[in-house]
Amino acid sequence: MRNMPITARILIPVLAILVPAGGLPTLTAQMMPVVMTVGCVEMDGRDGVLLTRAIEPTAIDERVPDQPPPDAPLGAEILKLVGTLEEFGVATHEGHKVWVKGLLNPAAPHPLLNLTSITHLSPSCD
């Protein structure tokens, strides 16, 4: 151990303490489903964007369903939109009813939707 670099002499005892006897725990990737939903675009007042009055997000399995009609019903869900929102021009949809698709990441206080598509349905959320 005398010929080892100092960093190795420090790290080996530290790792022996930190790594449990059974080895490192196995990490599993959390799958984020691709979903779609309909809701209203609102700014949250802190440079964030919410999808309010959204219907329960539905997983997209094999084929993307047909676009909902402009009078598609709204719901009570709230999702925080994340990702490349400027690229999608999300701010131009403020106050509008939209159909969105993206990767759903359960989070608190609101699930995160990493946006992959946004389609304008109606200029109002009535």
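Heads up, my numbering is the position in the sequence shown plus 1, with the first residue counted as 1.
Glycine included, every Cβ here is placed at the ideal spot set by N, Cα and C.
Predicted, not measured: the structure shown is a model, and the values here were computed from it.
(1) Could you check the C-alpha separation between Met37 and Thr117 for me, to the nearest Å?
(2) Hey, out of Thr53, Pro107, Asn115, Ile56, whose CA is closest to Glu87's CA?
(3) Between the C-alpha atoms of Pro110 and Lys81, what's the straight-line distance to the nearest angstrom?
(4) Cα-Cα, which of Trp100, Ser125, Ala108, Thr93 is closest to Ala55?
(5) Quick check for students: name the residue ranges of the alpha helix (DSSP H) that lie wholly in the stretch 65-105, counting only runs of 4 or more.
Reading it off the structure:
(1) Just so you know, the alpha carbons of Met37 and Thr117 end up roughly 10 Å apart.
(2) When Thr53, Pro107, Asn115, Ile56 are compared, the shortest CA-CA separation from Glu87 is found for Asn115.
(3) When rounded, the distance between both Cα atoms is 9 Å.
(4) Of the candidates Trp100, Ser125, Ala108, Thr93, the one whose C-alpha sits nearest the C-alpha of Ala55 is Trp100.
(5) If we require 4 residues or more, the alpha helix (DSSP H) runs fully inside the stretch 65-105 come out as 86-89.
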